[in-house]
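Novice: Residue numbers (our numbering): 68 to 522.
Each residue gets a CB set at the ideal place from its N, CA and C atoms; glycine is no exception.
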Ligand code: ADP
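(1) Relative to the C-alpha of residue 428, which candidate in 496, 328, 217 and 474 has its C-alpha closest?
(2) Can you tell me whether DSSP reads residue 517 as helix, strand or coil?
(3) Following a CB-centred definition, is residue 458 positioned closer than 8 Å to any heavy atom of the ligand ADP?
(4) Give a yes or no on contact between the stretch 471–485 and the stretch 395–404, applying the rule of three or more CB pairs nearer than 8 Å.
(5) What alpha helix (DSSP H) runs, 4 residues minimum, are completely inside the stretch 137–178?
(6) Any heavy atom of the ligand ADP closer than 8 Å to the Cβ of residue 464?
(7) Please list the terminal residues of the continuous beta strand (DSSP E) segment that includes residue 457.
(8) Measuring straight from C-alpha to C-alpha, what distance separates residue 502 and residue 435?
(9) So, with DSSP's three-state summary, where would you put residue 249?
(10) With a floor of 3 residues, list each beta strand (DSSP E) that falls wholly inside the stretch 224–270, ordered by position along the chain.
(11) Can you tell me which of 103, 358, 255 and 125 puts its alpha carbon nearest to the alpha carbon of residue 173?
(12) Flag residue 453 as yes when its Cβ comes closer than 8 Å to any non-hydrogen atom of the ligand ADP, and as no otherwise.
(13) Compute the beta-carbon to beta-carbon distance between residue 232 and residue 253, rounded to the nearest angstrom, for a pair I have assumed lies under 8 Å.
(14) What are the start and end residues of the alpha helix (DSSP H) that includes residue 101?
(15) For residue 20, which residues does DSSP report across the bridge?
(16) On the criterion of 16 or more Cβ atoms from any shown chain inside 10 Å, does residue 453 qualify as buried, or is it exposed?
(17) If you compare alpha carbons, which of 187, 137, 127 and 303 is closest to residue 159?
(18) Would you report the Cα separation of residue 588 and residue 450, rounded to the nearest angstrom?
(19) Do you know how far the Cα of residue 282 is from the Cα of residue 300?
(20) Where does the unbroken alpha helix (DSSP H) through residue 475 begin, and where does it stop?
(21) Could you give the C-beta distance for residue 393 and residue 349, rounded to a whole number, given that I count them as a contact under 8 Å?
(22) Helix, strand or coil for residue 383? Go by DSSP, reduced to three states.
(23) Given a cut-off of 9 Å, decide if residue 305 and residue 322 are closer than it, judged by their beta-carbon atoms.
(24) With DSSP collapsed to three states, give me the class of residue 502.
(25) Straight-line CA distance for residue 86 to residue 100?
(26) Could you spell out where the beta strand (DSSP E) holding residue 129 opens and where it closes?
(27) I'd like the span of the alpha helix (DSSP H) that includes residue 369, first residue to last.
(28) What does DSSP give as the partner residues of residue 428 in its beta bridges?
(29) Pull up the DSSP beta-bridge partners for residue 392, would you.
(30) Hey, quick one: how far does the beta strand (DSSP E) through residue 216 stretch, first residue to last?
(31) What would DSSP say about residue 404, mapped onto helix, strand or coil?
(32) Candidates 221, 236, 237 and 238: which alpha carbon is nearest residue 230's?
(33) Could you pull the start and end residues of the beta strand (DSSP E) that residue 203 belongs to?
(34) Where does residue 32 fall in DSSP's three states?
(35) Please report the residue range of the alpha helix (DSSP H) in which residue 188 lies.
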């Protein structure tokens, strides 16, 4: 029985009220936790159903070790992760080793020709080729917590040919980096068709080039034939007039005049041929070299990945380097140099097939180097390699370096070849920078003076 004095509640009653309130709150919390638990379970079940039944292959990744490494880098004072990644290819390789695949769905198993998940995980390292330069961009996407990261990569199924795939991840701020599902779309068939079309087009272009060249050579030979035989007969006549007992100087000089006419005619033919072939028009505009190199590398990525070559761009200069030039012609120069570098490394072991492009400022010039790890210019005269029609390749035209040199010289630049240390070839392109007008420098006559680079 509870007693209380009028005006003041007894202590036991207060205790009872407090206990009952605590119990009510605890029950409420318990009910809420249960409701949340079943919501989580429901969502997990739904995720599993989607994961297991999707016709798209899904690999679930744990990127948290990379996020931890990036935090460590920032704590060490590294502010520009993109630059750090470009300058430290070893870091990219190490980061790639830290990524764990935590789960895969049935479509992923059949894509990789394996029956069970145990087989998949025991063979995991064999599925990914050693070179994968798209991973550098993935590290940057993790750092930026990009909502969608998409890239092309290559996977090697068990007992099968490498497949070209498109990988897409959601890495936004809400994503749980311990469990990032990546959808993998097999595009090998489409790429194969594209490559075949490209090859056919290239073959066609080559046939057209060769036949155009043959037709042109035949017409030059035909056009030159007449003045050459005239020159020959006038020279012969002059020799005969001089060889007489009494040399006939009048006839000799007539023959020599005919010979000179023949030479003039031949020169005219050559000029006509030159004007027919014409020189490519140059559309001069400001070109930012870092952007140009990035688009060139993107253009060459497919060719590089087909031969297992990594393309690495290392900007050595903080500032944007701008030159006056023709974007298309300059891009063609770097396409030629990268193609040569890729081809030069075809007999090298896959993990040393790396083409490194550097961009730096040297005084008032921008210097782009294209370096490979192939045999270098050994046994070859690098100067000779820049000559027209010089080639050591079975299907080579011997025009790439010659055209590159002409293009760079028309941009008032220079191009050099040298051997790299410890191995490989380097081609260096030096272009005058487009600088803001500096009246003071003009007054002091501080212009010109490009640095000579060794060949
Ligand atoms: P092509 O590629 O059709 O042979 P190029 O003018 O581009 O014509 O190259 C001429 C030659 O220079 C090549 O056949 C090759 O012998 C040599 N060469 C070019 N680039 C390299 C390189 N990066 N490493 C070694 N040799 C090279």
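Specialist: In terms of the structure at hand:
(1) 496
(2) Confidence at residue 517 is low in this model, with a pLDDT of 35, below 50, so the placement of that residue should be treated as unreliable; the coordinate-derived value is given next. Coil, per DSSP.
(3) yes
(4) yes
(5) 148–154, 156–165 and 173–178
(6) yes
(7) Where residue 457 is concerned, there is no enclosing beta strand (DSSP E), given that its DSSP letter is neither H nor E.
(8) 17 Å
(9) strand
(10) 230–236 and 247–253
(11) 125
(12) yes
(13) 6 Å
(14) 78–120
(15) Absent from the structure is residue 20, since the part of the chain shown begins at 68 and ends at 522.
(16) buried
(17) 137
(18) Given a span of 68 to 522 for the chain in the structure shown, any question on residue 588 remains unanswerable.
(19) 27 Å
(20) 467–477
(21) 5 Å
(22) coil
(23) yes
(24) coil
(25) 21 Å
(26) 124–129
(27) 356–373
(28) 433
(29) 352
(30) 216–222
(31) helix
(32) 221
(33) From DSSP, residue 203 is part of no beta strand (DSSP E) but of the alpha helix (DSSP H) over 201–211.
(34) A question about residue 32 goes unanswered here, because the residues of the chain that appear run from 68 up to 522.
(35) 184–189
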